[in-house]
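Residue numbers (this note's numbering): 1 to 213.
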Amino acid sequence: MSKVIAIMGESGSGKTTSMRNLDPKSTYYIDADMKGLSWKGWRSQYNADNKNYKATDDANIVRQFIKRIAEGCPGIKVIVVDTINGLMVADEMRRSKEKGYDKWVDLAACVWDLVCEAYTYRDDLTIIFTAHTQTDHDEAGYMFTRIKTSGKKLDKICLESKFTTVLLSKCVDGQYKFETQANNSTAKSPMGAFEQMEIDNDIVEVIKALEEF
(Lines of atoms letter the chains of each structure in order from A and count residues from 1; the text may use other names and numbers.)
(Lines give C-alpha, C1' and ligand atoms only; values in the text may rest on other atoms or scores of the structure.)
Protein backbone atom coordinates (compact mmCIF):
# COMPACT_ATOMS: atom_id res chain seq x y z
CA MET A 1 0.00 0.00 0.00
CA SER A 2 1.37 3.39 -1.01
CA LYS A 3 1.48 6.31 1.40
CA VAL A 4 -0.93 9.07 0.39
CA ILE A 5 -0.75 12.60 1.83
CA ALA A 6 -2.89 15.69 1.26
CA ILE A 7 -1.47 19.18 1.68
CA MET A 8 -4.22 21.80 1.70
CA GLY A 9 -4.03 25.56 2.01
CA GLU A 10 -4.83 28.91 0.51
CA SER A 11 -2.96 30.23 -2.51
CA GLY A 12 0.43 31.51 -1.31
CA SER A 13 0.39 29.48 1.92
CA GLY A 14 3.39 27.37 0.91
CA LYS A 15 1.88 24.16 -0.49
CA THR A 16 4.13 23.98 -3.53
CA THR A 17 7.16 25.46 -1.79
CA SER A 18 7.00 22.70 0.81
CA MET A 19 8.18 20.30 -1.94
CA ARG A 20 11.45 22.20 -2.42
CA ASN A 21 13.66 19.67 -0.59
CA LEU A 22 12.44 16.57 -2.41
CA ASP A 23 15.12 14.81 -4.46
CA PRO A 24 14.34 15.45 -8.16
CA LYS A 25 16.05 12.15 -9.05
CA SER A 26 13.42 10.18 -7.13
CA THR A 27 10.44 12.54 -7.52
CA TYR A 28 7.94 12.96 -10.34
CA TYR A 29 6.04 16.26 -10.37
CA ILE A 30 2.62 16.53 -12.03
CA ASP A 31 1.77 20.21 -12.42
CA ALA A 32 -2.02 20.16 -12.72
CA ASP A 33 -2.24 23.93 -12.30
CA MET A 34 0.24 24.29 -15.19
CA LYS A 35 1.81 27.37 -13.63
CA GLY A 36 5.28 26.11 -12.79
CA LEU A 37 6.77 25.65 -9.35
CA SER A 38 7.55 28.30 -6.77
CA TRP A 39 11.23 28.24 -5.90
CA LYS A 40 14.32 29.49 -7.69
CA GLY A 41 15.97 26.90 -9.92
CA TRP A 42 13.04 24.50 -10.20
CA ARG A 43 13.25 24.43 -14.00
CA SER A 44 16.67 22.80 -13.86
CA GLN A 45 15.35 20.23 -11.38
CA TYR A 46 12.02 19.32 -12.97
CA ASN A 47 11.68 19.23 -16.74
CA ALA A 48 10.99 16.98 -19.73
CA ASP A 49 14.67 16.16 -20.24
CA ASN A 50 14.92 14.84 -16.68
CA LYS A 51 11.73 12.85 -17.27
CA ASN A 52 10.30 13.95 -13.94
CA TYR A 53 7.81 16.70 -14.83
CA LYS A 54 4.44 16.76 -16.58
CA ALA A 55 2.07 19.71 -16.91
CA THR A 56 -1.48 18.49 -17.46
CA ASP A 57 -4.92 19.22 -16.04
CA ASP A 58 -6.54 16.06 -17.42
CA ALA A 59 -7.37 13.71 -14.55
CA ASN A 60 -7.37 10.64 -16.81
CA ILE A 61 -3.85 11.41 -18.01
CA VAL A 62 -2.75 11.94 -14.40
CA ARG A 63 -4.15 8.51 -13.47
CA GLN A 64 -2.28 6.92 -16.39
CA PHE A 65 0.99 8.60 -15.42
CA ILE A 66 0.71 7.58 -11.77
CA LYS A 67 0.00 3.97 -12.75
CA ARG A 68 2.86 3.92 -15.27
CA ILE A 69 5.34 5.41 -12.80
CA ALA A 70 4.24 3.16 -9.95
CA GLU A 71 4.55 0.02 -12.03
CA GLY A 72 7.46 0.84 -14.31
CA CYS A 73 9.72 3.34 -12.55
CA PRO A 74 10.95 1.84 -9.26
CA GLY A 75 13.47 4.67 -8.86
CA ILE A 76 10.64 7.15 -8.34
CA LYS A 77 9.69 7.22 -4.67
CA VAL A 78 7.47 10.33 -4.58
CA ILE A 79 4.77 11.56 -6.96
CA VAL A 80 3.31 15.05 -6.45
CA VAL A 81 -0.03 16.11 -7.96
CA ASP A 82 -0.29 19.91 -7.62
CA THR A 83 -3.21 20.71 -7.32
CA ILE A 84 -6.19 18.38 -7.32
CA ASN A 85 -8.34 21.50 -7.79
CA GLY A 86 -6.62 22.10 -11.12
CA LEU A 87 -8.01 18.75 -12.28
CA MET A 88 -11.50 19.46 -10.95
CA VAL A 89 -11.80 22.94 -12.42
CA ALA A 90 -10.42 21.88 -15.81
CA ASP A 91 -12.90 19.01 -16.05
CA GLU A 92 -15.73 21.32 -15.03
CA MET A 93 -14.75 23.90 -17.67
CA ARG A 94 -14.38 21.30 -20.41
CA ARG A 95 -17.93 20.16 -19.69
CA SER A 96 -19.39 23.60 -18.96
CA LYS A 97 -21.98 23.34 -21.73
CA GLU A 98 -23.31 20.05 -20.44
CA LYS A 99 -26.48 20.22 -18.39
CA GLY A 100 -27.77 17.79 -15.83
CA TYR A 101 -26.56 16.04 -12.72
CA ASP A 102 -24.51 13.35 -14.44
CA LYS A 103 -21.45 15.53 -15.06
CA TRP A 104 -21.14 16.27 -11.34
CA VAL A 105 -21.38 12.57 -10.53
CA ASP A 106 -18.69 11.89 -13.14
CA LEU A 107 -16.45 14.58 -11.66
CA ALA A 108 -16.85 13.22 -8.14
CA ALA A 109 -16.16 9.66 -9.30
CA CYS A 110 -13.07 10.74 -11.25
CA VAL A 111 -11.48 12.50 -8.27
CA TRP A 112 -12.56 9.81 -5.82
CA ASP A 113 -11.14 7.02 -8.00
CA LEU A 114 -7.87 8.94 -8.49
CA VAL A 115 -7.29 9.13 -4.73
CA CYS A 116 -8.47 5.58 -4.06
CA GLU A 117 -6.17 4.13 -6.72
CA ALA A 118 -3.21 5.95 -5.22
CA TYR A 119 -3.30 3.54 -2.27
CA THR A 120 -3.04 0.42 -4.43
CA TYR A 121 0.55 0.81 -5.55
CA ARG A 122 3.90 -0.31 -4.13
CA ASP A 123 4.81 0.17 -0.48
CA ASP A 124 7.84 2.39 -1.11
CA LEU A 125 5.84 5.00 -3.05
CA THR A 126 4.46 8.22 -1.54
CA ILE A 127 1.81 10.13 -3.49
CA ILE A 128 1.13 13.73 -2.45
CA PHE A 129 -1.96 15.67 -3.50
CA THR A 130 -2.05 19.41 -2.89
CA ALA A 131 -5.38 21.20 -2.67
CA HIS A 132 -6.79 24.68 -2.26
CA THR A 133 -9.01 25.39 0.71
CA GLN A 134 -12.18 27.25 1.46
CA THR A 135 -13.19 28.65 4.84
CA ASP A 136 -16.87 28.63 5.69
CA HIS A 137 -18.45 31.00 8.23
CA ASP A 138 -21.74 30.55 10.02
CA GLU A 139 -24.01 33.16 11.60
CA ALA A 140 -22.33 32.72 14.99
CA GLY A 141 -18.95 33.57 13.52
CA TYR A 142 -17.62 29.99 13.60
CA MET A 143 -15.02 29.33 10.89
CA PHE A 144 -14.10 25.97 9.40
CA THR A 145 -11.47 25.29 6.74
CA ARG A 146 -11.60 22.33 4.36
CA ILE A 147 -10.51 21.22 0.91
CA LYS A 148 -12.29 23.22 -1.78
CA THR A 149 -14.25 20.99 -4.13
CA SER A 150 -16.29 21.42 -7.30
CA GLY A 151 -19.91 20.40 -6.94
CA LYS A 152 -22.03 19.34 -3.98
CA LYS A 153 -21.42 15.64 -4.64
CA LEU A 154 -17.79 15.90 -3.52
CA ASP A 155 -18.85 17.99 -0.53
CA LYS A 156 -21.15 15.22 0.60
CA ILE A 157 -18.62 12.41 0.33
CA CYS A 158 -15.91 14.52 2.06
CA LEU A 159 -12.68 14.09 0.13
CA GLU A 160 -10.57 14.35 3.31
CA SER A 161 -12.06 11.07 4.53
CA LYS A 162 -9.89 9.23 1.99
CA PHE A 163 -6.65 10.54 3.52
CA THR A 164 -4.97 9.42 6.74
CA THR A 165 -2.84 12.55 6.71
CA VAL A 166 -4.16 16.00 5.76
CA LEU A 167 -1.86 18.90 6.62
CA LEU A 168 -2.93 22.53 6.53
CA SER A 169 -0.30 24.82 5.04
CA LYS A 170 -0.30 28.36 6.40
CA CYS A 171 1.84 31.46 6.81
CA VAL A 172 1.80 33.15 10.21
CA ASP A 173 3.98 36.23 10.85
CA GLY A 174 6.13 35.34 7.85
CA GLN A 175 6.69 31.76 9.04
CA TYR A 176 5.46 28.93 6.82
CA LYS A 177 4.07 26.01 8.82
CA PHE A 178 2.00 22.84 8.57
CA GLU A 179 -0.89 22.35 10.98
CA THR A 180 -1.02 18.65 11.84
CA GLN A 181 -4.32 18.34 13.72
CA ALA A 182 -7.79 19.78 13.42
CA ASN A 183 -8.11 23.35 14.66
CA ASN A 184 -11.32 24.54 13.03
CA SER A 185 -10.23 22.58 9.95
CA THR A 186 -10.11 19.09 8.48
CA ALA A 187 -6.36 18.76 9.17
CA LYS A 188 -5.43 15.39 10.65
CA SER A 189 -2.52 12.98 11.08
CA PRO A 190 -1.92 9.62 12.80
CA MET A 191 -1.84 9.94 16.58
CA GLY A 192 1.76 10.29 17.74
CA ALA A 193 3.25 10.88 14.30
CA PHE A 194 4.04 14.51 15.10
CA GLU A 195 4.92 15.88 18.51
CA GLN A 196 3.68 19.40 17.79
CA MET A 197 0.49 20.95 16.51
CA GLU A 198 2.54 23.01 14.05
CA ILE A 199 5.65 21.78 12.24
CA ASP A 200 8.03 23.23 9.66
CA ASN A 201 6.80 23.47 6.09
CA ASP A 202 8.98 20.67 4.68
CA ILE A 203 7.38 17.63 3.06
CA VAL A 204 10.63 15.65 3.33
CA GLU A 205 10.45 15.80 7.14
CA VAL A 206 6.78 14.84 6.99
CA ILE A 207 7.56 11.75 4.92
CA LYS A 208 10.34 10.76 7.33
CA ALA A 209 8.03 11.13 10.33
CA LEU A 210 5.34 9.00 8.72
CA GLU A 211 7.86 6.32 7.72
CA GLU A 212 9.06 6.12 11.33
CA PHE A 213 5.52 6.03 12.69
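Ideal Cβ placement from N, Cα and C applies to all residues, glycine included.
Hey, Val-81 and Val-62: beta-carbon distance below 8 Å or not?
Residue mapping note: residue 81 aligns to position 81 of the sequence shown, counting from 1. Residue mapping note: residue 62 aligns to position 62 of the sequence shown, counting from 1. Val-81 is a Cβ neighbour of Val-62, given a cutoff of 8 Å.
For the region 108-133, which segments carrying the alpha helix (DSSP H) assignment without a break, of at least 4 residues, lie completely within its bounds, in sequence order?
Within the region 108-133, no complete alpha helix (DSSP H) run reaches 4 residues.
Grouping DSSP H, G and I as helix and E and B as strand, with all else coil, what is Leu-37?
Here residue 37 corresponds to residue number 37 of the sequence shown, with the count starting at 1. Correct three-state label for Leu-37: coil.
When DSSP labels each residue in this structure, what does Glu-224 get in the three-state scheme?
What the structure shows of the chain is the stretch from 1 to 213, and residue 224 is not part of that stretch, so it cannot be assessed.
Count the other C-beta atoms from every protein chain shown that fall within 10 angstroms of the C-beta of Asn-201, then say buried if there are 16 or more, exposed otherwise.
Here residue 201 refers to the residue found at position 201 when the sequence shown is read from its first residue. That one is buried.
Where does Ser-13 land, buried or exposed, given buried means 16+ other C-beta within 10 angstroms?
Here residue 13 refers to the residue found at position 13 of the sequence shown. Ser-13 should be labelled buried.
Give every residue of the same chain whose Cβ lies closer than 6 Å to the Cβ of Thr-126, excluding the five residues on either side of it in the sequence, and list them in chain order.
The residue labelled residue 126 in the question sits at position 126 within the sequence shown. Taken in chain order, the residues that qualify are Lys-3, Val-78, Ile-207.
How many Å lie between Ser-11 and Asp-123 at the Cα?
The residue given as residue 11 occupies position 11 in the sequence shown. The residue given as residue 123 occupies position 123 in the sequence shown. Just so you know, the alpha carbons of Ser-11 and Asp-123 end up roughly 31 Å apart.
Among Tyr-119, Thr-120, Ala-187, Thr-180, which one has its Cα closest to the Cα of Thr-133?
On the sequence shown, residue 133 is found 133 positions in, with the first residue counted as 1. Comparing Cα-Cα distances from Thr-133 to each of Tyr-119, Thr-120, Ala-187, Thr-180, the minimum goes to Ala-187.
For a test of the three-state rule: what should DSSP assign to Lys-159, helix, strand or coil?
As a first step, residue 159 is located in the sequence shown; it is residue number 159 there, counting from the start. Note that residue 159 is Leu in the sequence shown here, rather than Lys. Helix at Leu-159.
Which two residues bound the contiguous beta strand (DSSP E) that contains Glu-179?
Here residue 179 is taken as the residue at index 179 of the sequence shown, counted from 1. Looking at the DSSP string, the run of the beta strand (DSSP E) that includes Glu-179 is 175-179.
Can you list, in chain order, the residues of its chain whose CB lies under 8 Å from that of Pro-190, leaving out five sequence neighbours each side?
Mapped onto the sequence shown, residue 190 falls at position 190. Annotation for Pro-190: Thr-164, Thr-165, Leu-210, Phe-213 place their beta carbon closer than 8 Å to its own, counting only its chain and skipping 5 residues before and after.
Secondary structure at Asp-49, three-state DSSP: helix, strand or coil?
Indexing the sequence shown from 1 puts residue 49 at position 49. Three-state DSSP puts Asp-49 in coil, outside helix and strand.
Indicate whether Lys-148 and Asn-85 have their beta-carbon atoms separated by less than 8 Å.
As a working note, residue 148 is residue 148 in the sequence shown. As a working note, residue 85 is residue 85 in the sequence shown. Going by C-beta atoms, Lys-148 is nearer than 8 Å to Asn-85.
Through-space distance from Met-19 to Ile-203, alpha-carbon basis
Taking the sequence shown and counting its residues from 1, the one referred to as residue 203 is at position 203. Taking the sequence shown and counting its residues from 1, the one referred to as residue 19 is at position 19. Approximately 6 Å between the Cα atoms of the pair.
Quick check on the burial criterion: 16 or more other C-beta atoms within 10 angstroms. Buried or exposed for Lys-15?
Indexing the sequence shown from 1 puts residue 15 at position 15. Label assigned to Lys-15: buried.
Taking 8 Å as the cut-off, decide whether the C-beta atoms of Thr-56 and Thr-130 are in contact.
To locate residue 56, count along the sequence shown from 1; it is residue 56. To locate residue 130, count along the sequence shown from 1; it is residue 130. Not a contact, by the Cβ cut-off of 8 Å.
Please determine, among Pro-24, Val-172, Gly-72, the residue with the shortest C-alpha to C-alpha distance to Gly-41.
On the sequence shown, position 41 is the one that residue 41 refers to. Nearest to Gly-41 by alpha-carbon distance, out of Pro-24, Val-172, Gly-72, is Pro-24.
Cα-Cα separation between Gln-196 and Ala-48, rounded to whole angstroms:
What you label residue 196 is simply residue 196 of the sequence shown in a count that begins at 1. What you label residue 48 is simply residue 48 of the sequence shown in a count that begins at 1. C-alpha of Gln-196 to C-alpha of Ala-48: approximately 38 Å in a straight line.
Lys-99 to Leu-22, Cα distance in whole Å?
Residue mapping note: residue 99 aligns to position 99 of the sequence shown, counting from 1. Residue mapping note: residue 22 aligns to position 22 of the sequence shown, counting from 1. Rounded to whole angstroms, Lys-99 to Leu-22 spans 42 Å at the Cα level.
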